[in-house]
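*Asks:* Let me begin by handing over the structure; questions about it come next.
In the working numbering, the protein residues as written are 9 to 127.
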């Protein structure tokens with residue numbers, strides 16, 4: 009082998025070794041990036057799970073709040089119906105009393121008339 013060929017071969021080997029070192033460094037960087045990506049994905053999964061749990065808690069809170077609201081609404085409706093029934097009863101009693109008052113006035117008029125006629 010000629011000195012030029014030998015020199016060229018040495019240079020080619022050195023370049024190959026340098027390329028291999030660069031490749032190994034790139035592979036280490038890739039592995040580190042992959043590890044970081046796995047950590048990010050794990051964190052993302054944890055966050056997604058926490059989000060789902062939070063949504064479930066929020067949904068439960070709203071269901072309970074709506075149930076309480078419905079319960080209060082029904083209680084108000086029951087009280088309103090009771091007040092309406094009492095009001096209707098009072099209106100009927102007022103009408104009866106008004107009729108009784110008319111009857112009493114008529115009786116008083118009749119009694120006056122009878123009294124005046126007997127005099």
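Ideal Cβ positions, reconstructed from N, Cα and C, are used throughout, including at glycine. On a predicted model such as this, the values are computed, not experimentally measured, just so you know.
#1: Helix, strand or coil for residue 127, going by three-state DSSP, please let me know.
#2: Could you compute how far the alpha carbon of residue 65 sits from the alpha carbon of residue 88?
#3: To the nearest angstrom, how far is the alpha carbon of residue 20 from that of residue 37?
#4: On the three-state DSSP scale, how would you describe residue 9?
*Replies:* A quick look at the data gives this:
#1: The residue you call residue 127 lines up with position 119 of the chain shown. Reduced to three states, the DSSP call for residue 127 is coil.
#2: Numbered from its first residue, the chain shown carries residue 65 at position 57. Numbered from its first residue, the chain shown carries residue 88 at position 80. For residue 65 and residue 88, the distance between alpha carbons rounds to 34 Å.
#3: Along the chain shown, one-based indexing puts residue 20 at 12. Along the chain shown, one-based indexing puts residue 37 at 29. When rounded, the distance between both Cα atoms is 25 Å.
#4: In the chain shown, residue 9 corresponds to position 1, counting from 1. Correct three-state label for residue 9: coil.
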